[in-house]
Structures are given as structure tokens and as C-alpha cells.
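In terms of the numbering used here, the sequence shown opens at residue 9 and continues consecutively.
Down below is the structure, laid out as C-alpha cells.
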Amino acid sequence: MKKGTKLYSISRMKCPRCHEGRVFKNANPYVLSDMFKMHEHCPHCGLRYEIEPAFFYGAMYVSYGYGVALFVATYVIMRMFYTPSVWEVVIALAAIILLGSPLIFRLARITYLNLFVKYNPDKRGPKLK
């Protein structure tokens, strides 16, 4: 993956404008005390991540899409190897959603942010502390 693509920014959870600054304060989504903590601005280019108040409410729809895709993929993979019972599917999906929620949360936010911000490495915001 090259810099300049949305996939680069999403997969590395980097600023969608400069692809340098980290969006989240802690790179590990499974440190639950830091899971929701984001930088207000990009440490590299100064982009304000929350473009408007309540901006990330839209990320819930992206999260829903990721969840549905994950559920369908899980079910298809299970069906490829055997015919699971309803309870086996429910247990597998519950385990996957519990284990994957921190990652899905972050992927949804960074994906949603990438829908509205384009790559422009030359643009700089105000110098921040």
C-alpha cells in the first residue's frame, strides 16, 4: 500500500490528510481505558479530526456495515467446513463481536473520517502544542 490511498490511512489509522499523524492516542485498540481517546488535531498537519460537533455519529453506520460483513463472512466460513447449529453460529458471532468491537470501533471512525478528508500532504494547519 502506498501513501496517498484511503486504504493506507485506514489500515494504519493515520491522518487522512497527511498520512503521518496518528488519529488515536494509543495505537493498541485493546487497551480498553484508551480505546476512545483520539487526538483533537493531527500532530503532524493540524487537521481537526472532529470536523463538526457530533461528527462521528455517522461512524455508527460504518460500524454496522463492518459488523454485518464480519457476521456474513463468519457464517460463510463456518458453512464451508460443516453445517453449524443455530447456537454454534450465535456463540461464534457473539465471541467475534466481543473480541472485535474495539477494532471495529476504530476502523469505523477512521473510515468515516476518510470519506470527508482527502489526501493533501502539502496542506498544513496552525502550529499546535
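For every residue, glycine included, the Cβ atom is placed at its ideal position computed from N, Cα and C.
The model shown is predicted, which means the values in this text are computed figures rather than measured ones.
Taking the beta carbon of residue i as the centre, do at least 16 other beta carbons fall within 10 Å, making it buried, or is it exposed?
i           : result
residue 69  : exposed
residue 85  : exposed
residue 31  : buried
residue 13  : exposed
residue 22  : buried
residue 123 : exposed
To the nearest angstrom, how far is the alpha carbon of residue i from that of residue j?
i           : j           : result
residue 29  : residue 53  : 7 angstroms
residue 127 : residue 16  : 11 angstroms
residue 62  : residue 99  : 34 angstroms
residue 27  : residue 91  : 44 angstroms
residue 81  : residue 59  : 33 angstroms
residue 88  : residue 132 : 50 angstroms
residue 93  : residue 110 : 27 angstroms
residue 56  : residue 118 : 13 angstroms
residue 116 : residue 67  : 5 angstroms
residue 19  : residue 10  : 11 angstroms
residue 129 : residue 96  : 48 angstroms
Taking the DSSP output, what are the residues bridged to residue i?
i          : result
residue 49 : 56
Any contact of the segment 31-44 with the segment 66-83, i.e. 3+ C-beta pairs under 8 angstroms? Counting C-beta pairs closer than 8 angstroms gives fewer than three between the segment 31-44 and the segment 66-83, which falls short of the contact rule.
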